[in-house]
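See structure below.
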Amino acid sequence: MQIVLNGDSIETMDGCTVEALLQQLGIGRERVAVELNADIVPKAGYEKQLLSNGDKIEIVHFVGGG
Amino acid sequence: MTQAADKLIIGGREFTSRLMVGTGKYASFEQTALALEMSGAEIITVAVRRVNLDRSKESLLDYIDLKKYTLLPNTAGCYTADDAVRTCRLAREAGMSDFVKLEVLGDEKTLFPDNEELLKAAKILVADGFTVLPYCSDDVIVCKKLEDIGCVAVMPLGAPIGSGLGIRNPYNIRIILENVSVPVIVDAGVGSASDAAIAMELGCAGVLMNTAIACAQDPIAMAEAMKLAVIAGRLSFKAGRIPRKLYANASSPLDGLIG
């Protein structure tokens, strides 16, 4: 299925969870925040939260800033 | 008056350093880490951005000891209250802390705050349990409104962000200091150590800066200069300066002059 990750369409497996997506991308869960269709997914829900075709995901972290 | 006795309390947390620094614009993460160390800052600002999906790139937090610093995520780049609130919620989830530097900008050329949107965002965030430190205009009315909303500090600009023009309106800063009870932190505009000292001598609780250190020819040395300037300015404020007089007042005794 297709999801939109940080503005780009990517292919991911059916039944993918937020946790599985982070693993697929090699991103540690501690220092990121995840939005699913503009709602925050709490860290405790990463394993349970299923993704659907067409979902818009944002994964953000901290960068240098003033 | 020792520094140890002169703690800065923001949102119920105690800090020794009154210099807060940004982490943007450095040449490298190594340089960022060294400058932070030399600045003595305990509160450092960060921005919230999409992760780089190229895993080969390192991240800022790989270089920063999170036990030593309180992260203050900003809402830089947000032009509406909605975007700023959304960014703060992401920051809280990523950092597991409710401290935020709220900025809602009005236009790209000046980066001046949009006070209307700022107040709107501050209300939502305070109600949502955030500890809000707003970057705002050097306008006492806006600062009082932010205090009334429940912001734990106000952070009026000294001059436009990154301009290095110094404290352009010290009288406005003084008026703010006389009329709000929360800590007043000058945020933006500082160019050199003397600017930071002036902010502190006015009685500000602290100074927040990024460009003045990161874009100095020697950022590590400038970080130390800023640390010392903030300490010196604070001590000078607490010590109480002499009144300004138009004419001289001899420092050496007049008694016992020869001749």
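Top line first, the protein sequences correspond to chains A and B.
Quick note: the first sequence uses numbering that gives the first Met the number 0, first residue 0, plus one each step.
Quick note: the second sequence uses numbering that gives the first Met the number 0, first residue 0, plus one each step.
We put the CB at the ideal spot given by N, CA and C, even for glycine.
Computed from a predicted structure; not experimentally measured.
- Beta bridge pairing from DSSP links B:K100 with B:N73 and B:L132.
- If only uninterrupted alpha helix (DSSP H) runs of at least 4 residues are considered, those enclosed by the region 5-51 of chain A are 17-24.
- Close partners of A:G64 in chain B (Cβ separation under 7 Å): G21, T22, G23, T44, V45, A46, N73 and A75.
- For B:T22, there is no enclosing alpha helix (DSSP H), as DSSP gives it neither H nor E.
- Between the alpha carbons of B:R173 and B:K237 lies a gap of roughly 15 Å.
- For B:S191, the nearest beta carbon of chain A is not closer than 9 Å to its own beta carbon.
- Boundaries of the alpha helix (DSSP H) harbouring B:A34: F28 to S38, taken from the DSSP string.
- Counting only the Cα atoms, A:A32 lies some 14 Å from B:V84.
- Inside the region 150-194 of chain B, DSSP marks whole beta strand (DSSP E) runs of 3 or more residues at positions 184-186, from first to last along the chain.
- C-alpha of B:E200 to C-alpha of B:A192: approximately 12 Å in a straight line.
- Along the region 92-117 of chain B, the positions whose C-beta sits under 8 Å from a C-beta of chain A are E92, A93 and G94, read in chain order.
- Remark: C-beta atoms of B:A211 and B:A195 approach each other more closely than 9 Å.
- At a cut-off of 9 Å between beta-carbon atoms, A:E57 makes contact with chain B.
- Between A:A19 and chain B, the shortest Cβ-Cβ separation is not below 9 Å.
- Around the beta carbon of B:T15, a 10 Å sphere encloses fewer than 16 other beta carbons of the protein chains shown; the residue is thus reported as exposed.
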